[in-house]
Amino acid sequence: MSLRLFVPFDLAAGAGLVLAREQSHYVATVMRARAGQAVALFNGRDGEWLAVLDDVGKGGVRLTVGAQTRPQAPEPDIWLLAAPLKKDNTDLVAEKAAELGASALWPVFTRRTNAARVNAERLRAHLMEAAEQCERLTVPELKPPAALDQVLAGWDSGRTLLFLDEGGSGAPLPEVAAGLSGKLALLVGPEGGFAPEERDLLLRLPFARAVSLGPRILRAETAAIAALAVVQALAGDWKWRPRQA
């Protein structure tokens, strides 16, 4: 199916929907969809539904919901905390976080973070577009950007925090991830790594564990993507949903 959309509406058979202006523009002008075309819809709550475009005109795109194609299913609760990078690299991390199944993306400012701000609207758009394209049933939550010390001060101790440690104290991430389940989070620092005082703080926290991706120093965006892929493979989607015979 070529057209798949995230919508805020409740989804049920027979419901008539009118897309918002920006989404209507995307369907009509970018995708050049026509009346009668099938569209997959999801809202993060009601599973995935098949709908048909009734009208693609200047008054907005109207459609009617048909049958459910997939029920809503539980997903691993894995957050990605990442220091903001240059614009394009931050966009890349957001896109891949959605594709790799992160339940939340949290921009975290550290001592050595170079980016001064985060364009939240832009990141939400990347998260939604990636979720639409990769056929997941939810869009990752974008948490409000915050300083690392604030994030740690309010941390839920029931969520294990794995931080990528360039200081050499971290156990191999695959070994750690293979023994974990439940609520998890990954923390990836900026290009210059964590400041010594930040690393010392993390090492003292009972809910935090230092992990390593190996002997090579990776770019921050590469580390975020690689680490999330490892955790999802060993403690996330594959562990939650064994392949059917």
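If you read the sequence shown in my numbering, its first letter stands for residue 775, the second for the next number, and so on.
Glycine included, every Cβ here is placed at the ideal spot set by N, Cα and C.
Fair warning: this is a prediction, and the values are worked out from it, not measured in the lab.
For Val882, the nearest candidate out of Gln924, Ala951, Gly875 (CA to CA): Gln924
query: In three-state DSSP terms, what is Pro1016?
result: The predicted model places Pro1016 with a pLDDT of 48, which falls under 50 and marks its position as unreliable, so this point remains unresolved.
message: Quick check: the Cα distance between Ser931 and Leu979, rounded to an integer number of angstroms?
response: 9 Å
message: In this structure, how does DSSP classify Thr843 when only helix, strand and coil are distinguished?
response: strand
query: Curious, which full-length alpha helix (DSSP H) runs of at least 4 residues does the region 894-921 contain?
result: 894-908
- prompt: Should Arg1017 go down as buried or exposed, given a rule of 16 or more other Cβ atoms within 10 Å for buried?
  reply: The predicted model places Arg1017 with a pLDDT of 45, which falls under 50 and marks its position as unreliable; any figure quoted below should be read in that light. Exposed, since its Cβ has fewer than 16 Cβ neighbours within 10 Å.
Sub-8 Å separation of Val830 and Gly840 beta-carbons: no
message: Could you tell me which whole beta strand (DSSP E) segments of length 3 or greater appear in the region 939-968?
response: 958-962
task: My understanding is that Leu879 touches Ala890, with C-beta atoms under 8 Å, so please give their C-beta distance in whole angstroms.
output: Contact flag wrong, Cβ pair sits at about 18 Å.
message: Just to confirm the assignment, what range does the beta strand (DSSP E) spanning Glu822 have?
response: 822-831
task: Find the nearest neighbour of Leu926 within the set Glu909, Ala807, Val813, Phe981, judged by alpha-carbon distance.
output: Phe981
- prompt: When DSSP labels each residue in this structure, what does Ile852 get in the three-state scheme?
  reply: strand
query: Does the ligand MN have a heavy atom nearer than 7 Å to the CB of Thr838?
result: Summarising the ligand content, the structure contains no ligands, and the ligand MN is consequently not present.
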